[in-house]
Structures are given as C-alpha cells and as structure tokens.
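Chains as they are written, first to last, in this note's numbering: chain A, 437 to 634; chain B, 4 to 250.
Dropping the structure here:
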C-alpha cells in the first residue's frame, strides 16, 4: 500500500486527470445502483486506490483507469455479498464509456464544470470567499492571508475548510454533472434490487 | 455504533485538507494517519479533498503539463517574472524603461502603434493602438488612469502598494496579477483577467461591494455601474489578449 496521504504530485494528478471525470463516473455509478453500495462510498474508495498507487506514469487514460477501478470495487462488493447475477454488470457498456477519447462535447462539458466550480465560490460568505481566493488564486500562504485580512490563522484555516466542504459537496449532490446526476439516493429494501440498471 | 456516512467523512477530510494546506505538526500528522488508517474511505476522502483544493491553483506545477499557453504568453501567475517574459518575448522592441515615474507620466500610442512600458517596480503595461494611460506611483499606491483605448497590465507583486487602474468611474484593483482593461469608444468598459485576483468596484461613495474576478474572467461594466462577469476560461482570455504579444 502506498502512503495514505498523497504527495503533492499525486494530488495534482488527481486534480487534473481524475476530478474532471468524476461527474461522469458518478452518473455511471448511479445507473448501476447496487444494493448496499453507495456511489459516494465507491468514489471515496476509488480515490483511495488511485492515491495509493505506487506510480501513475503508465496510465495512458486516467479516465478509463478510474472507471475500471470503480467497476472492480463493485465486483468485489458483489462477490462478497454473494450476488450471482454478475452478468447484469455490462462490461461492454463500461468499455464504451471509458475507452473513447473524450469527445469535443465532453471536453466542453468538462470546461463548464470548471467554470461552475469557479462560479460556486460566489455563494460563499464574503470573508470565507476572500480567504479562499487569496489563498488559492493569489497564492498567499494561510499565514499571509491572516495578515492581509487581519484575522487569526486558525480562522483562515476554518474558512478554507468551509469553502472546501462546499466545493466537495458540489460534486456529491450532482451540482456539477447537471440534472441527470441528481437522481434518487438510497432505496427501499436491499433485497428488492440486487443488480439493476435504471 | 452506526456506520460513518460518506458526508461525515467528507466534512472531516475537508478539515484535514485545510490543515495540510498550512502544514501539519508531527502530532497532527500522527493523528491524521491514525484517523485515515481506520477506514479506506477516509483515505480517499482526504485525497479527494486535497485534489479539489489543488484544482483551484491557477497553474499547477507539473513538468510535463500540456497547458503551456499561459507561460508562452508571459501571463504567468507570478506577475513579476511573467512581465519579464513578455518583454523578452517581444525582443525588447518598444520597451521603454521608465525609471523615475512619480508625479504622473502619460504614455500614449497612435493608431496602429503598440508599445510596452516597464515601470519602476517591474510592472509592465502593454498599450494597444490609440491608447493612453497616466501613471502615478506614491508610497502607498500605484495608480493608473486608463484615459482611452486598451492596456494589459502585468503587475509586480507588492502587497503594501495596491495596483489600481481607474477608468470611467471604475476601480480595477490588483496585487501581483495580469489583466487588461479596455475603454473603447462606443463600447462598455471591459476587463480580462489572465492570472491572479482582481477586484472591480465603482469609484463612488456608497457603491456596491467590489466584484471579485478570478483568472479566466471577462467583466463588462454597464453605464449604470453594474459589472457583468463571465468565466470564459484562461485560454479564451489569452486569445483576447493575444494582441499584447505583438507590442
């Protein structure tokens, strides 16, 4: 297992090559709702695996790698749950999703996601937004942000954490992927729906 | 004990990412490792939180980055160095060393002419055709008046002396950034931000709070003083500012 907390270069790789595909991955996972397996859980475990990889230099398509990692997590879950209808997990479908190079539409959509991320800071409280922008856009350290704003470093840290929670939630609640991603959450009894596609 | 939800994990992970962002003490590091070791989802949540935070870095430093457009244009995030890059890329042609600016100096271009002006603090102004600025530096401020036309400003970082461009009743304020302001006849005042962090505010008492612009923003100020902001992306901003390369 690699280090539990990724180094700076892996963090940048995740930010640049995985994060832009997360909305598509979430939408794909939601269409494959599996009993007892939340999309958020699969996403978190996928990031843990990608963060812990010894090397990512060999990964030609990070998007495909992320989808395949998520699929392997689903398969592992199904095996453990002794659910036998594994053919329902359509492997050909996965290939079509992940192996194509991003289409121009997809690239535009990714850029719009970035734009929405930028726009989102507009909803933060003024001080929180100022601290976040000074830190991330202006490139000041947290200590310098504190000096500039005349507030404590602890308060700056809380502002950063708060802004980050809001931005992370943007992905969780489907705000990035658009309406198709904000479908149902959870289900009735797990037995009613082992492996199904909506 | 009920299972920790992914949302609860995310909230704690955001707190940890904010701490990682300022650096951990050895004790904190041990606590983070212990927390993360208990659940693989926590490890993923921290990695993801850090990635979301890194996503907002204007120009992540990765050696093999295909996104070299910004440095090529000389509109890097470190305004001072990037300014140097601009001057170098135009072969120093038309670069004027204005070393003793203090009381207000005017720089202007004629139709069809473009010109770069290096200011005493290292900031660079690139004037588009038929443009005019007035530069006034004092101990506490760097004031620029855009009197007509269009100019790109590549600002040397100096937190103690804000760099303020004033035009048509609007103040465009920046510290260490790269942006352009244009004031063209028959068109509203426009601001493009290539790098850094810019505030646009009406130069009037009781005016609304400033509008914050991030890299990739294009702002248009109406006659009524409203500022309409669109995030068009850094590549589009660079295309809009491509004229400055030929100055």
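In this text, a Cβ means the ideal position worked out from N, Cα and C, and glycines have one as well.
Item to check | CB contact below 9 angstroms: residue 442 (chain A) versus chain B | outcome: If you number the first chain from 1, residue 442 (chain A) lands on position 6. It does; some Cβ of chain B falls within 9 angstroms.
Checklist entry - Between residue 510 (chain A) and residue 478 (chain A), is the Cβ-Cβ spacing less than 9 angstroms? => result Start at 1 with the first residue of the first chain, and residue 510 (chain A) comes out as number 74. Start at 1 with the first residue of the first chain, and residue 478 (chain A) comes out as number 42. Contact flag set, yes.
Item to check | Where residue 138 (chain B) sits in the DSSP three-state scheme | outcome: Indexing the second chain from 1 puts residue 138 (chain B) at position 135. Three-state result, residue 138 (chain B): strand.
Checklist entry - Using a Cβ-Cβ distance under 9 angstroms, would residue 175 (chain B) count as near chain A? => result In the second chain, the residue the question calls residue 175 (chain B) occupies position 172. Not closer than 9 angstroms to any Cβ of chain A, the Cβ of residue 175 (chain B) fails to qualify, so no.
Item to check | N- and C-terminal bounds of the beta strand (DSSP E) containing residue 152 (chain B) | outcome: On the second chain, residue 152 (chain B) is found 149 positions in, with the first residue counted as 1. Per DSSP, residue 152 (chain B) belongs to the beta strand (DSSP E) from 145-157.
Item to check | Limits of the beta strand (DSSP E) - the one that residue 221 (chain B) falls within | outcome: As a first step, residue 221 (chain B) must be located in the second chain, where it is residue number 218. That run of the beta strand (DSSP E) goes 220-224.
Checklist entry - Since residue 194 (chain B) contacts residue 222 (chain B) with CB under 8 angstroms, what's their CB separation in whole angstroms? => result In the second chain, counting from the first residue as 1, residue 194 (chain B) sits at position 191. In the second chain, counting from the first residue as 1, residue 222 (chain B) sits at position 219. Contact flag correct, Cβ pair sits at about 4 angstroms.
Item to check | Nearest residue (CA-CA) to residue 165 (chain B), options B:143, B:214, B:231 and B:184 | outcome: Working through the second chain from its first residue, we reach residue 165 (chain B) at position 162. The shortest Cα separation from residue 165 (chain B) among B:143, B:214, B:231 and B:184 belongs to B:143.
Checklist entry - In chain order, what residues of the same chain have a beta carbon less than 7 angstroms from the beta carbon of residue 475 (chain A), not counting five sequence neighbours either side? => result On the first chain, position 39 is the one that residue 475 (chain A) refers to. Cβ neighbours of residue 475 (chain A) beyond the five flanking positions: 462, 465 and 466.
Item to check | Residue-level contact to chain B via CB, residue 547 (chain A), 9 angstroms cutoff | outcome: Within the first chain, numbered from 1, the residue matching residue 547 (chain A) stands at position 111. Only weak support exists for where residue 547 (chain A) lies, its pLDDT of 44 falling under 50; the coordinates are left without a value.
Checklist entry - Beta-carbon separation of residue 580 (chain A) and residue 569 (chain A) under 9 angstroms? => result By one-based count along the first chain, residue 580 (chain A) stands at place 144. By one-based count along the first chain, residue 569 (chain A) stands at place 133. For residue 580 (chain A) and residue 569 (chain A), no; Cβs fall outside 9 angstroms.
Checklist entry - For residue 34 (chain B) versus residue 16 (chain B), is the C-beta distance shorter than 9 angstroms? => result Mapped onto the second chain, residue 34 (chain B) falls at position 31. Mapped onto the second chain, residue 16 (chain B) falls at position 13. Not a contact, by the Cβ cut-off of 9 angstroms.
Item to check | Whole runs of the beta strand (DSSP E) within the segment 166-202 of chain B, excluding any shorter than 3 residues | outcome: 166-170, 173-177, 181-186 and 192-198
Checklist entry - So with Cβ pairs under 9 angstroms, would you call residue 401 (chain A) a contact of chain B? => result Nothing about residue 401 (chain A) can be read from this structure; chain A reaches only from 437 to 634.
Checklist entry - Would you say residue 200 (chain B) reaches chain A, if we count a Cβ-Cβ gap shorter than 9 angstroms as a contact? => result Residue 200 (chain B) sits at position 197 when you count from the first residue of the second chain. Judged by the 9 angstroms Cβ criterion, residue 200 (chain B) is in contact with chain A.
Next on the checklist: What does the alpha-carbon distance come out to for the pair residue 127 (chain B) and residue 145 (chain B)?
Outcome noted: Position 124 of the second chain, counted from the first residue, corresponds to residue 127 (chain B). Position 142 of the second chain, counted from the first residue, corresponds to residue 145 (chain B). Straight-line Cα distance between these residues: approximately 12 angstroms.
Next on the checklist: 9 angstroms is my cut-off, CB to CB: does residue 221 (chain B) come that close to chain A?
Outcome noted: Along the second chain, one-based indexing puts residue 221 (chain B) at 218. No, because no Cβ of chain A sits closer than 9 angstroms to the Cβ of residue 221 (chain B).
Item to check | Local conformation of residue 214 (chain B) per DSSP, three classes | outcome: Start at 1 with the first residue of the second chain, and residue 214 (chain B) comes out as number 211. Looking at residue 214 (chain B) - three-state DSSP - the assignment turns out to be strand.
Item to check | Residue from B:197, B:196 and B:213 whose Cα sits closest to the Cα of residue 203 (chain B) | outcome: Mapped onto the second chain, residue 203 (chain B) falls at position 200. If we check each option's Cα against that of residue 203 (chain B), B:213 comes out closest.
Checklist entry - Rounded C-beta distance between residue 53 (chain B) and residue 447 (chain A)? I'm assuming under 8 angstroms. => result Taking the second chain and counting its residues from 1, one reaches residue 53 (chain B) at position 50. Taking the first chain and counting its residues from 1, one reaches residue 447 (chain A) at position 11. About 5 angstroms separates the two Cβ atoms, so the contact holds.
Item to check | Own chain, CB closer than 6 angstroms to residue 176 (chain B), minus 5 neighbours either side, in chain order | outcome: Position 173 of the second chain, counted from the first residue, corresponds to residue 176 (chain B). Around residue 176 (chain B): 165, 167 and 202.
Checklist entry - Does residue 501 (chain A) come within less than 9 angstroms of chain B when only Cβ atoms are used? => result Residue mapping note: residue 501 (chain A) aligns to position 65 of the first chain, counting from 1. No, residue 501 (chain A) lies away from the interface with chain B (no Cβ there is under 9 angstroms from its Cβ).
Checklist entry - Would you call the CB atoms of residue 113 (chain B) and residue 133 (chain B) closer than 9 angstroms? => result For this step, residue 113 (chain B) is matched to residue 110 along the second chain. For this step, residue 133 (chain B) is matched to residue 130 along the second chain. Closer than 9 angstroms, so yes.
Checklist entry - Does the Cβ of residue 595 (chain A) have 16 or more other Cβ atoms within 10 Å, making it buried, or fewer, making it exposed? => result Against the first chain, residue 595 (chain A) aligns to sequence position 159. Buried, since its Cβ has 16 or more Cβ neighbours within 10 Å.
Item to check | Beta-carbon neighbours of residue 9 (chain B), restricted to chain A and to distances below 7 angstroms | outcome: As a working mapping, residue 9 (chain B) is identified with position 6 in the second chain. Result: 474, 476, 477 and 480.
Next on the checklist: Suppose the cutoff is 8 angstroms on Cβ atoms and the five residues either side in sequence are ignored; what does the same chain contact list for residue 22 (chain B) look like?
Outcome noted: As a working mapping, residue 22 (chain B) is identified with position 19 in the second chain. Here the set comprises 31 and 35.
Next on the checklist: By DSSP's criteria, residue 128 (chain B) is part of a beta bridge. Which residues make up the other side?
Outcome noted: Position 125 of the second chain, counted from the start, is the residue given in the question as residue 128 (chain B). BP columns for residue 128 (chain B) point to B:120 and B:156.
Checklist entry - Distance, Cα to Cα, residue 515 (chain A) vs residue 587 (chain A)? => result Numbered from 1 along the first chain, position 79 holds the residue referred to as residue 515 (chain A). Numbered from 1 along the first chain, position 151 holds the residue referred to as residue 587 (chain A). If I take the Cα positions, the gap works out to 53 angstroms.
Item to check | With 16 other Cβ atoms within 10 Å as the buried cut-off, status of residue 211 (chain B) | outcome: Counting from 1 along the second chain, the entry for residue 211 (chain B) is found at position 208. With fewer than 16 Cβ atoms within 10 Å of its Cβ, residue 211 (chain B) is classed as exposed.
Item to check | Contact under 9 angstroms by Cβ, residue 20 (chain B) with residue 55 (chain B) | outcome: By one-based count along the second chain, residue 20 (chain B) stands at place 17. By one-based count along the second chain, residue 55 (chain B) stands at place 52. Taking 9 angstroms as the Cβ cut-off, residue 20 (chain B) and residue 55 (chain B) qualify as a contacting pair.
Next on the checklist: Quick check on residue 497 (chain A) - is its C-beta less than 9 angstroms from some C-beta in chain B?
Outcome noted: By one-based count along the first chain, residue 497 (chain A) stands at place 61. Cβ-Cβ to chain B under 9 angstroms: no for residue 497 (chain A).
Item to check | C-beta neighbour in chain B for residue 577 (chain A), strict 9 angstroms | outcome: Numbered from 1 along the first chain, position 141 holds the residue referred to as residue 577 (chain A). So yes, residue 577 (chain A) belongs to the interface.
Next on the checklist: Based on DSSP bridge pairs, tell me the residues matched to residue 110 (chain B).
Outcome noted: For the purposes of this step, residue 110 (chain B) is taken as the residue at position 107 of the second chain. DSSP, once it has assigned bridges, lists B:136 as partnering residue 110 (chain B).
Item to check | Buried/exposed call for residue 234 (chain B), threshold 16 Cβ in 10 Å | outcome: Here residue 234 (chain B) refers to the residue found at position 231 when the second chain is read from its first residue. Answer is buried; the Cβ neighbour count reaches 16.
Next on the checklist: Can you determine whether any heavy atom of the ligand ZN sits closer than 8 angstroms to the C-beta of residue 477 (chain A), and answer yes or no?
Outcome noted: Ligands are entirely absent from the displayed structure, and the ligand ZN is therefore not among its contents.
Next on the checklist: Measuring straight from C-alpha to C-alpha, what distance separates residue 82 (chain B) and residue 457 (chain A)?
Outcome noted: As a working note, residue 82 (chain B) is residue 79 in the second chain. As a working note, residue 457 (chain A) is residue 21 in the first chain. With a pLDDT of 28 at residue 82 (chain B), under the threshold of 50, the modelled position of this residue cannot be trusted; read the value that follows with caution. Each residue's Cα considered, the two are about 31 angstroms apart.
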